[in-house]
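Q: Quick note: the sequence shown uses the numbering used here, first residue 6, plus one each step. We put the CB at the ideal spot given by N, CA and C, even for glycine. Keep in mind that this is a model prediction, so the values were computed, not measured. Have a look at the structure that comes next, please.
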Amino acid sequence: MISSIMKTRIKELRARFGMTQEDLAKKVGVRRETILFLERGKYNPSLKLSYDIAKVFGEKIEEVFIFDED
């Protein structure tokens with residue numbers, strides 16, 4: 006069975022931009038816990054949320070979210 010593991014650069018990008026999880030959550034309209042779960046790889050975001058987060062950082066979606074297949 007193949008499972009997809011999602012990794013993100015959200016934490017790294019937040020640090021670069023001086024943002025807290027709460028700051029990012031407010032910008033994209035989600036709860037802080039959603040950002041936490043994304044950073045830990047516990048939640049796969051919708052395409053819209055992925056786009057919104059990438060847009061905040063001025064990055065392409067595939068530069069923020071990396072999917073590895075095991």
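Excluding the 5 residues preceding and the 5 following E136 in the sequence, name in chain order all residues of the same chain whose CB lies nearer than 8 angstroms to its CB.
A: Nothing about residue 136 can be read from this structure; the chain reaches only from 6 to 75.
Q: What does DSSP give as the partner residues of K13 in its beta bridges?
A: Here residue 13 is Thr; the residue named in the question, Lys, does not match the sequence. T13 is bridged to F70.
Q: Please state the DSSP three-state secondary structure of S55.
A: helix
Q: Around the C-beta of F22, are 16 or more other C-beta atoms found within 10 angstroms, so that it is buried, or is it exposed?
A: exposed
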